[in-house]
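Each remark here refers to the structure printed beneath this line.
Written as structure tokens, this is what we have:
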């Protein structure tokens with residue numbers, strides 16, 4: 238069970254969680270989605286940066302939802318480094334944190350926000366999939 242958080246400037250009204258290396262970033266389809274994902278990254282819509290900072294919190298193998306669930310996806314997180322990890326925060330502003338994973342493989346990612354119309358808090362729950 239691990240936990241980490243960072244407060245960032247959400248440039249382009251988005252934050253990210255991705256594999257630490259080799260992530261393929263998704264494209265917004267309409268710009269109205271609460272989140273979009275690939276196998277290795279999730280972009281989450283937030284409030285505009287002029288409206289204030291956004292706190293991104295990541296919990297691993299823990300169930301403590303806060304806010305409204307807006308997205309769920311499966312991430313495939315390979316380990317090109319000795320210690321698998323994910324990065325999260327705002328890659329556009331260069332404000333990123335990193336958290337170690339218990340191992341490589343598939344993870345269920347659930348995204349919760351305090352306000353779907355303009356999130357100031359984003360919680361990502363990562364749970365390793367068995368099998």
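In the numbering used here, the protein residues as written are 238 to 368.
Quick reminder that beta carbons are idealized off the backbone N, C-alpha and C, glycines included.
Quick one: what does DSSP say residue 248 is sitting in, helix, strand or coil? Against the chain shown, residue 248 aligns to sequence position 11. In the structure shown, residue 248 sits in a helix (DSSP, three-state: H, G or I).
Beta-bridge pairing of residue 326 - partner residues as DSSP gives them: Taking the first residue of the chain shown as 1, we reach residue 326 at position 89. According to DSSP, which records beta bridges pairwise, residue 326 is partnered with 253 and 333.
Helix, strand or coil at residue 338 according to DSSP, with G and I counted as helix: Residue numbering aside, residue 338 sits at position 101 when the chain shown is read from its first letter. Correct three-state label for residue 338: coil.
Ordered along the chain, which non-local residues of its own chain (more than five positions away) have a Cβ less than 7 angstroms from that of residue 272? What you label residue 272 is simply residue 35 of the chain shown in a count that begins at 1. Same-chain partners within the cutoff: 279, 280, 281, 282, 307, 308 and 348.
Considering only the beta carbon of each residue, do residue 263 and residue 274 sit closer than 8 angstroms? Working through the chain shown from its first residue, we reach residue 263 at position 26. Working through the chain shown from its first residue, we reach residue 274 at position 37. In this structure, residue 274 lies closer than 8 angstroms to residue 263 by Cβ.
Using the Cβ count rule (16 or more neighbours within 10 Å means buried), how would you classify residue 266? Your numbering for residue 266 matches position 29 in the chain shown. Looking at its Cβ environment, which holds fewer than 16 other Cβ atoms inside 10 Å, residue 266 is exposed.
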